[in-house]
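Enquirer: Numbering (my numbering), first residue to last: 686 to 830. Got a structure here, written out as structure tokens. Questions coming.
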Amino acid sequence: MELEPMLSTICKWLALAALICALSCALVRAEGTHVDLDLTDFDDDSMRDMDDANKDLQPVLGARNGDAALADAQVIQNVLKETEAYFTKKGGTDNAVKIAQQGEVSVAAVIAALGKHDFDTAAMAARDTAKNCRACHDIYKPLTK
Numbered sequence: 686m687e688l689e690p691m692l693s694t695i696c697k698w699l700a701l702a703a704l705i706c707a708l709s710c711a712l713v714r715a716e717g718t719h720v721d722l723d724l725t726d727f728d729d730d731s732m733r734d735m736d737d738a739n740k741d742l743q744p745v746l747g748a749r750n751g752d753a754a755l756a757d758a759q760v761i762q763n764v765l766k767e768t769e770a771y772f773t774k775k776g777g778t779d780n781a782v783k784i785a786q787q788g789e790v791s792v793a794a795v796i797a798a799l800g801k802h803d804f805d806t807a808a809m810a811a812r813d814t815a816k817n818c819r820a821c822h823d824i825y826k827p828l829t830k
């Protein structure tokens, strides 16, 4: 196969992939309309613990500190489970439940990658986890303390 037609095909596939990515981001944005919700009974301290763990996770992964990364990932995992249970019980917040479940999947990928000492994959999954948290905060009440 000649190089020029092959490059043309690759460029077309890359353009299609970029379009799909842009559309899926737009769909998340469309679903992500801000919702005013009474969260006074939500455990802010747990959310702050998760936020701290999220902030710490990338640097410790970069330093290839598996023990610290695992500890951070477990904090995130536990709080996401609590968050899912909270929004499930609250009702009428299916999007929040879905976001928490997606976060649980991405943080499980961090933990699985750490089990294989694959810090690059763990870092990618950690970025997905952080994006997931931001998506929920875009829709629901941001941290106020």
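Beta carbons are placed, not taken as given, at the ideal position from N, Cα and C, and that holds for glycine. All values derive from a computational prediction rather than experimental measurement.
Suppose the cutoff is 8 Å on Cβ atoms and the five residues either side in sequence are ignored; what does the same chain contact list for residue 784 look like?
Expert: The residues are 817, 820, 821 and 824.
Enquirer: State yes or no: is the C-beta of residue 820 nearer than 7 Å to some heavy atom of the ligand MG?
Expert: As far as ligands go, the structure on display features none, and thus does not contain the ligand MG.
Enquirer: In chain order, what residues of the same chain lie with their CB nearer than 7 Å to the CB of residue 786, ignoring the 5 residues before and after it?
Expert: Cβ within range, chain order: 769.
Enquirer: Thinking just about the alpha-carbon of each residue, which of 814, 730 and 755 is nearest to the one in residue 801?
Expert: For residue 801, the nearest C-alpha among the options comes from 755.
Enquirer: Hey, out of 719, 794 and 720, whose CA is closest to residue 758's CA?
Expert: Among 719, 794 and 720, the Cα nearest to that of residue 758 is on 794.
Enquirer: Does DSSP classify residue 749 as helix, strand or coil?
Expert: In this structure, residue 749 counts as coil in the three-state DSSP scheme.
Enquirer: By the 10 Å Cβ neighbour count, where 16 or more other Cβ atoms means buried, how is residue 760 classified, buried or exposed?
Expert: Classification for residue 760: buried.
Enquirer: Exposed or buried, residue 718, counting other C-beta atoms within 10 Å across all chains shown (16 or more means buried)?
Expert: Residue 718 comes out exposed.
Enquirer: Rounded to the nearest angstrom, what separates residue 743 and residue 808 at their Cα positions?
Expert: Whole-angstrom Cα-Cα distance: 6 Å.
Enquirer: Among the candidates 736, 745, 778 and 726, whose CA atom is the shortest distance from the CA of residue 762?
Expert: Comparing Cα positions, the closest option is 736.
Enquirer: In chain order, what residues of the same chain have a beta carbon less than 6 Å from the beta carbon of residue 842, not counting five sequence neighbours either side?
Expert: What the structure shows of the chain is the stretch from 686 to 830, and residue 842 is not part of that stretch, so it cannot be assessed.
Enquirer: Grab me the residues of residue 813's own chain with a C-beta within less than 6 Å of its C-beta, minus the 5 sequence neighbours each way, in chain order.
Expert: Cβ neighbours of residue 813 beyond the five flanking positions: 791.
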